[in-house]
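**Q** Residue numbers (the working numbering), protein chains in the order written: chain A, 1 to 352; chain B, 1001 to 1658.
Beta carbons: idealized from backbone N, C-alpha and C, even for Gly.
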Amino acid sequence: MIQEQKCPNCGGALTFDPASGKLHCEYCDSVFDIEQFQQPQQPQVNRVERDQAMQQMAPLPISICRSCGAEVVTPAQTTGALTCPYCGNNIVLTQQFTGMLKPDGIVPFSIMPDHLAESVQKYYKGRKFLPKGFFSKNKIGPVTGVYVPFWIFDCDVYGELTFRGEKTGKSYREGNYECTEYEQYRIHRNVSMSFQDLALDASKRMENDLMDSIQPYDLTKIVPFDVRYLAGFVADRFDEASSESRQRSDARMKTTGANVAMQKATQGYYSVSISSNQLQVNMRRARYVLLPVYLLNLSFEGTNFKFAVNGQTGKVEGKLPYSKLEEKKYYWKRFAAGAGAVAAIIALIVLL
Amino acid sequence: MKKNRMKRILALLLVCLLALFMLPTAALADDEEQSEVQKQWRSDLYHVGDFYDVLAEDRLIAINHENDEYIVETMFDYVVLIVGQSSYGDSVLTDYTDEIYRKNELGYGVNHDGICLCLDGDRVNLTVRLYGRAWEIFSKEDVDQLISAVRQGYRDAGYEGAVSAFLSGAHEKVKASESVPTNGTKSYVASFDTTYVSLNGSEPATLQIVDGQVLPSWYVTDPSTFVDFHNDENEPRLIDLADLLTPAEETKIKAKLANIRKETNQDVVIYTDITSYGMDNELFAMDFYVYKGYGVGSEFDGLVLFINMDPDNREMVSASFGLTRTLFTQTMSSRLDDILYDHLVNKDYYGAFDEWTDGVDNLLKYGSVDIPDWYKAYRSGEDMSAYRSTKLFDDIDGIRDADAERIEKEIARLAEKYDTDIVVYLSDEAYSLKPSQGLYEDYPSDMDPGEERINHYLDTFWEACGYGFGEDHRGILIGIFVDESSSYKIQVRGYGNATGTSRAKKLSKNAEERLESVTLLNLGSGDYDYNVNRYLSFLGKFLRYGFVPHSTGTRIFWAILCAIGGLIVASTTTSRAKAKNRTVKEAVAADANLVQRSFQIMGGLDTLLGVRVERKYIEPRESSSSSTRSSSGSSHSSYSSHSSSSSGRSSSTSRRKF
């Protein structure tokens, strides 16, 4: 079933306005609360076997980009052209699927896309080593608001850690030598700790480094999923099961767990190094949530550089070109400045 | 059986009778042999006895063996006793010597012919005793000569020298005599009493014995009884009790000392001895100066030099008093000590006193021990034109004549071309200070800082010799001070317009230092010709361009310095810029998602694997020692010197072992 939101006054299509958090009619300028329409279903929580449960959710329309193969969820059947958030091409939706799993929640867009180009320019303005002409010749492509699927994990971590550490023993004197003993220990610790709201993107198409960099999101602002939040945006469909994402999330939590344990559980020792990490992760809860991301491409000399903007906080992250030539120029300019300064000092000393 | 027993008894009786008959015969033979030995000499005794423990055991044995040969050869006994005061207590040395000789039955033959020398180490006395036919062999002059030889031997090699001198001298005399061993009376005869004399040669009248200790007669044991007097013209200014000088040499030195006193109105006294009578040399010298009434004027101006030739306490000590103290600085006293030391270690005593007296003469007249000829000439008002015409003043003979001539020509060319007088002065010292002795260092005890001292010296040289062109005496002088240890100091001075009415030609402080630094190159190699030429080359450039160009080496050094500065700045700023240019990165931890206070330690076990020991070496702490001056330097003496405190005279001293 295709869900389309139409204005009760003029019949025009309604879009979600991030600034007001309401539905807006671009034709008659009417504004409506989301609650005036259909109440969304309550998100299901505490379901460990999320993948199976998802299969039973109500279907949503899915379109496939013929150019890059991206599957996106559109809020309503669209007859016109749609910009693919990944490849930036205007694509014609060639096929529509149903069966999109319904998310447990959504964080709606909070910022407008109006000034994102300026934010991106501000982001790269102070950077060194950009190619010559980058500032004047780069071209910022259209901005696409995308709800990116994320897995939100709450986990308990427990287990045994082994460190090697050293502590100062007694000091004494032997002839003309002052002797200090250093005792070397094997340190075993059984520890436990909890992690909450660890968000990992559930889309293979989204680059992990980009999605990690624009975090954090304020997940207290998660609201129950309502398809009307998608009005005016597109939503990506998850293609990475929670079991796949857990490999990465478990590794991150174990790393943090070991670091924290090394700090807190080996006090009195110095020169501590970890020799064995036997931590285990017990997942308490996994949630499937859509988080708001603006995507845009910056093209320079035929190459696209992808930028992402946190749709909730406005944090900009992206990849920039790097010029070795500019780095060398920068280096030699500073070299000349330093040598000149020393020469000036010498001249001053000699003249005085 | 009875017959056999009787035979045995008779045989036994016979054997006993024979034994009784033989026994008195053997005893008589022993007596006769012993009596014959006693008639000759006591070969079972050491005839050189060291009861003062000053001779090494092996040396004592060797001397005795040699002496035994003398005795046998001449049939005359030579006895030497070295004793301390405790050996004979309150007795007289001569009586003690006779008693020892008699009790031990020393001497050769029935008349105990022999000669005995007894040395008292505590009182530094000696006596010579003659026995038997010795009175026929030794006249009084012979004994005096023998005593002189003993003193000389003592000065040269201590007690061993004294003993050897005595034995060889006496042996030679006896060997040369025609006297034969006398047979007759057994009485001990001492031909005459040689009267005990001091080992150091002073007359008995110059000594006093207080509480059993020998002291000089001038020494005041109770300072409260001392009546202050000074400027005693009748007192000799040279007292040579160590007998270091011949009478003729003494006369020359005395004349010099008298002349110094007359011209400078300051007293200069030299005193030599072979002992300080158990007192500290420095304080003994000061006591000598005070109690003998030396010093001129109310401040007792003057200087005393005391040479102690005691082999165990050999030292030279100088002490200055009154106004002389202001001239007798640490630098000057060290210089005077150097002069003495160089001669004394070679036993050139006259040379030491002669040169030392000249140095003191210079010090008291001009304020420095070493005074260059040009300064003496200047002070005496001589014509300085000969000095003025010399532009290369080489006091150290470091430049060969041919090179000197070439340098003089170059100097003349530059001087004429730029109308500026140019002088090069090479010397090994200034104000008695060589570069290796801190010519350019600041001594706390001396008034002037090193550089000012040299500047003043060079300015005096320039003024005294009358250098400089025109009314303003314009010119540039370089002083190169190099000594035998290759230590050096260079100073450039500008005078008159050379120091700059013309901005381009201004000899600034910087230009002076530049000229000095370019001249310093390779100066340690002793190639002064190269250095002077290098200096003149750069001086010519300065006179032409108004600045002293830097050498290639200096420029390369600066370039390296600049490059290092550039590298540091470039590396630092680039690495910072790279850090700022960070790009997106995949997260590897989940620190922000850790629930605070959820971390718990459920249990643990710490297992000791081993112990590593680090050892750090600590420098052993040296015990601090202070050179506190002891008033009594010898353990043999119970007297301490006290002149400086008792008389209230201020003095400064210097001392050195040699």
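What beta strand (DSSP E) runs, 3 residues minimum, are completely inside the segment 1216-1269 of chain B?
**A** Counting whole runs of 3 or more residues, the segment 1216-1269 of chain B contains the beta strand (DSSP E) stretches 1238-1240.
**Q** Just list the alpha helix (DSSP H) runs in the segment 1504-1571 of chain B, keeping only unbroken ones of 4 residues or longer that don't cross its boundaries, in chain order.
**A** 1509-1520, 1528-1545, all fully within the segment 1504-1571 of chain B.
**Q** Say whether chain B places a C-beta atom closer than 9 Å to the C-beta of A:R284.
**A** No, A:R284 lies away from the interface with chain B (no Cβ there is under 9 Å from its Cβ).
**Q** Which residues of chain B have a Cβ atom closer than 9 Å to the Cβ of A:N259, listed in chain order?
**A** Within chain B, the residues near A:N259 are A1589, D1591.
**Q** Interface residues of chain A around B:T1574 at Cβ under 8 Å?
**A** Correct list: E327, Y330, Y331, R334.
**Q** Using a Cβ-Cβ cutoff of less than 7 Å, which residues in the same chain neighbour B:S1320 once the five nearest sequence positions on both sides are dropped?
**A** For B:S1320, where only same-chain residues beyond five positions count, the Cβ hits under 7 Å are L1303, F1328, S1651, S1652.
**Q** Quick one: is the Cβ of A:W332 within less than 8 Å of any heavy atom of the ligand ATP?
**A** Of the ligands one can find in the structure shown there are none, so the ligand ATP has no counterpart to examine.
**Q** For B:L1344, count neighbouring C-beta atoms within 10 Å of its own C-beta (all shown protein chains included) and say buried if the count is 16 or more, exposed if not.
**A** B:L1344 should be labelled buried.
**Q** With distances taken between CB atoms, is the gap from B:I1476 to B:T1420 smaller than 9 Å?
**A** Yes; because the gap between Cβ atoms is below 9 Å, this pair is in contact.
**Q** Please report the residue range of the beta strand (DSSP E) in which B:N1346 lies.
**A** Counting along the chain, B:N1346 falls outside any beta strand (DSSP E), and DSSP gives it neither H nor E.
**Q** Please list, in chain order, the chain A residues whose beta carbon lies closer than 9 Å to that of B:Y1617.
**A** Under the 9 Å cutoff, chain A gives N176, Y177, E178.
**Q** Strictly under 9 Å for the Cβ-Cβ distance: is A:V45 near chain B by that measure?
**A** Note that A:V45 scores a pLDDT of 39, beneath 50, so its modelled location is shaky; the value from the coordinates is reported in the next line. Not one chain B Cβ lies under 9 Å of A:V45.
**Q** Which residue wins for smallest C-alpha separation from B:G1121, given the options B:Y1457, B:N1593, B:D1053, B:S1224?
**A** Per the Cα distances, B:D1053.
**Q** Contact criterion: CB-CB distance below 9 Å. Does A:D212 meet it with respect to chain B?
**A** Closer than 9 Å to some Cβ of chain B, the Cβ of A:D212 qualifies, so yes.
**Q** Taking only runs of the beta strand (DSSP E) that begin and end inside the segment 234-305 of chain A, which ones reach a length of at least 3 residues, in chain order?
**A** Listed in chain order, they are 234-236, 270-300.
**Q** Could you tell me the alpha carbon to alpha carbon distance between B:G1367 and B:R1406, rounded to whole angstroms?
**A** Looking at the two C-alpha atoms, the distance is approximately 36 Å.
**Q** Could you give the residue range of the beta strand (DSSP E) that holds B:K1489?
**A** Per DSSP, B:K1489 belongs to the beta strand (DSSP E) from 1488-1495.
**Q** Can you tell me whether DSSP reads B:E1429 as helix, strand or coil?
**A** B:E1429: coil per DSSP, three-state reduction.
**Q** Checking the sheet assignment: what are the DSSP bridge partners for A:A199?
**A** Note: A:A199 sits in a beta bridge opposite A:I152.
**Q** Please report the straight-line C-alpha distance between B:S1224 and B:A1062, rounded to a whole angstrom.
**A** If I take the Cα positions, the gap works out to 51 Å.
**Q** Would you kindly work out how many angstroms separate the C-alpha atoms of B:S1632 and B:R1123, rounded to a whole number?
**A** Because B:S1632 sits at a pLDDT of 32, beneath the cut-off of 50, its placement in the model cannot be relied upon, and the point is left open.
**Q** With DSSP run on the structure shown, which of helix, strand or coil describes B:M1447?
**A** Annotation note: pLDDT 48 at B:M1447 (below 50); position unreliable, no value reported.
**Q** Are any of the Cβ atoms in chain A nearer than 9 Å to that of B:F1538?
**A** False, the Cβ-Cβ gap to chain A never drops below 9 Å.
**Q** Give the straight-line distance between the Cα atoms of B:Y1341 and B:D1472, rounded to the nearest whole angstrom.
**A** Distance between the alpha carbons of B:Y1341 and B:D1472 is about 46 Å.
**Q** Out of curiosity, what's the CA-to-CA distance linking B:V1048 and B:L1093?
**A** If you take the alpha carbons of B:V1048 and B:L1093, they lie about 17 Å apart.
**Q** Counting only C-beta atoms, is A:I274 closer than 9 Å to chain B at any point?
**A** For A:I274, the answer is no, since every Cβ of chain B falls outside 9 Å of its Cβ.
**Q** Does DSSP classify B:H1456 as helix, strand or coil?
**A** Reduced to three states, the DSSP call for B:H1456 is helix.
**Q** For B:L1609, return the contacting residues in chain A, with the cut-off set at a CB-CB distance below 7 Å.
**A** The contacting residues are Q184, Y185, R186.
**Q** If the cut is a Cβ gap below 8 Å, which residues of chain B does A:R246 touch?
**A** Residues of chain B passing the Cβ test: none, with the nearest at roughly 12 Å.
**Q** Of all the CB atoms in chain B, is at least one closer than 9 Å to the CB of A:D197?
**A** So yes, A:D197 belongs to the interface.
**Q** For B:M1316, does the three-state DSSP call read helix, strand or coil?
**A** Strand, per DSSP.
**Q** What residue from B:E1429, B:V1518, B:V1532 has the CA that sits closest to B:S1487's CA?
**A** Minimum Cα distance to B:S1487 is reached at B:E1429.
**Q** Any chance the segment 291-300 of chain A sits against the segment 132-145 of chain A, with 3 or more Cβ pairs inside 8 Å?
**A** At 8 Å Cβ cutoff, the stretches touch.
**Q** Of the choices B:G1295, B:Y1431, B:G1466, B:C1465, whose alpha-carbon is the least far from that of B:Y1457?
**A** The shortest C-alpha separation from B:Y1457 is found at B:Y1431.
**Q** When the Cα atoms are used, what is the spatial distance from B:R1656 to B:E1315?
**A** C-alpha separation (whole angstroms): 6 Å.
**Q** Counting pairs of beta carbons, one from the segment 1073-1088 of chain B and one from the segment 1107-1117 of chain B, are three or more of them closer than 8 Å?
**A** Taking 8 Å as the limit for Cβ pairs, the verdict is that the segment 1107-1117 of chain B does touch the segment 1073-1088 of chain B.
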